[in-house]
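A quick write-up on the structure given underneath.
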Amino acid sequence: MLKLTITTRRTPAFGGRRFGAGAYELLIGHVDGASDPAAPGNAGIVDLERAPRDGDGRVRWRVDIAIARPLDPARGNGWLVYDVPNRGFPRAIPRLNGTVPSGVDDPAFDAGAGFLLNEGFTLVWSGWQADLPAGQGALRAQFPVAMDGREPLVDWSREEWTDTGTAPAFAAPLTWPAADDRAGARLTVRHRTGDARPTPADLAWDWRSDRQLVVARPAGYDSGAIYEFAYRATGSSVSGLAFTSVRDIVSFLRRDAADADGNANPLAVDGRPSVRHAMIFGVSQSGRFVRDFLWQGFNTDLAGRPVFEAAMPVVAGSRKTFTNARFAQPGRFSRQHEDNDFPGAGYPFAYHPVANAATGRTDDVLARCRAAGHAPKIVHFDTESELWAARGSLLVSDGTGTFTQPDNVRLYLASGVQHSVTEPPPADMALLTPSPLDYTAPLKPLLLALARWVDDGAPPPASRFPTPDEGTLVTLAEYRRRFPVL
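484 is the number of the first residue of the sequence shown in our numbering; add one for each residue after it.
In structure tokens, the structure reads:
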């Protein structure tokens, strides 16, 4: 059950500019939803059964939403692109249209070169993170707190930090507030992720508040040391509703004439939806969301219909997110040095079925979608950074050879390009400056090729991704042999 409320209309949007599909309208508001814990499609949401319910036995939630649509629907191309916000902010327009990232309600929100709008795409964004601060222009979500009877649930949560300063002590933030019961809280430190987790005698810490510690650095540990803290926390939101909200909103915009209160679907024309196909697009954090959304089986709506026919995760590597979990931390992600042991960094990694050597179980990112008959066509795009910091090799190999990718998947990698385009650091801070190359250029034709793949059945170019069989992906030992100085 959904209710869509539009609070702001910019007609026409983007300063009145006209694109290939004519002028656009920008709608901003919020969606009130209600999820039934008994519905089979909601069964996988962690702690949904612990959330407060309304008189109909449903769990209520609210998310911000924004829609950019052609003023004349007939000039649109029939595609809805759901651009998963990255920490509350759009990514498709900045990456593909070449603009400075900003919030949708920011007067500076700009269409840039207009690529997506020239092509006639309808763009949709909605908040999915409940842990974002208010008042910074981000699209946010409001999900209920998991309860234990009449009180918020209390359970263990874990944090990890690397302090990059040189001061003898540093402030360490907590994602979730500490519970009143603080017995058993434990802080450890280690040089590298695989090391033992000792508690040196001079590793001192204290509570600064229920959301922050102060930690005194022990002798023998430099600014790259990894600190891990386990404590009893409270206030965990039912964060997995992020996935149901996206599923239900896109399904509504694609197929329903009106919401639960009779308000017209803004994408309907004469009472009939104008969307033929939908694509989910995400960059970095939101690219990981795309993979997690698919793996957890949310590409089938509550009526058993497909949600997205196409998916385009960008610079996600082999990772997913830490979202559908108790005391979730969707902003956290594994890197080369830290955060390696958090959910989102684990199996499965590939779009191809792979056996887990530890459990013997076989799984892959598309297993649930495939079982439901709703596996989308996928264009997965990475940079070289994802091989080093996001375990990108696990997309193509488990160390014993090269996978054959499913027919509905294409993998592409931009060599010599980094995860994001940044300004070079001062010369006295880095021996090797970042690459000035930008991966935006290949994203545009790949997105259009993905849409054509669904529209016409014309497949994109074959995957171009390094593999062991081709000798373009090698072991670390072989890399060190070839480049002994680096």
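Built from N, CA and C at the ideal position, the CB exists for glycine as well.
Note that the structure is predicted; figures quoted are calculated from it, not measured.
Exposed is the label assigned to residue 695, since fewer than 16 other Cβ atoms lie within 10 Å of its Cβ. Rounded to whole angstroms, the Cβ separation of residue 565 and residue 747 is 20 Å, and the two are not in contact under 8 Å.
In this structure the region 582-593 does not lie against the region 553-561, because fewer than three pairs of beta carbons, one per stretch, are closer than 8 Å. Fewer than three pairs of CB atoms, one per stretch, sit closer than 8 Å, so the region 737-745 makes no contact with the region 672-679. For the alpha helix (DSSP H) assignment, the uninterrupted runs of no fewer than 4 residues enclosed by the region 884-942 are, from N- to C-terminal side, 923-939. At a Cβ-Cβ threshold of 8 Å, residue 826 and residue 612 do not count as neighbours. If you compare the alpha carbons of 614, 599, 623, 597 with that of residue 586, the shortest gap goes to 623. Between the alpha carbons of residue 537 and residue 862 lies a gap of roughly 40 Å. Across the structure, residue 882 and residue 834 are spaced so that their CA atoms are roughly 16 Å apart. Rounded to the nearest whole angstrom, the C-alpha separation of residue 782 and residue 852 is 6 Å. Proximity to residue 701 across 682, 877, 798 peaks at 682, based on C-alpha coordinates. One alpha carbon belongs to residue 582, the other to residue 576, and they sit about 7 Å apart. Of the candidates 958, 967, 892, 956, 892 places its Cα closest to the Cα of residue 937.
Within the same chain, no Cβ atom closer than 7 Å to the Cβ of residue 960 is found once the five residues on either side in sequence are excluded. About 5 Å separates the beta carbons of residue 799 and residue 771, which is inside the 8 Å limit, making them a contact pair. Secondary-structure assignment with DSSP links residue 656 through a beta bridge to 695.
Taking residue 921 as reference, the option from 516, 902, 836, 808 with the minimal CA-CA separation is 902. Here the region 492-500 makes no contact with the region 542-549; the two share fewer than three CB pairs at distances below 8 Å. Secondary structure in the region 813-891: the alpha helix (DSSP H) runs of 4 residues or longer, each lying completely within the stretch, are 850-855, 868-872 in chain order. The secondary-structure analysis by DSSP pairs residue 489 across a beta bridge with 512.
By the neighbour-count criterion, in which 16 or more other beta carbons inside 10 Å mark a residue as buried, residue 617 falls on the exposed side. Counting only the Cα atoms, residue 855 lies some 11 Å from residue 524. For residue 606, the enclosing beta strand (DSSP E) has its first and last residue at 605-609.
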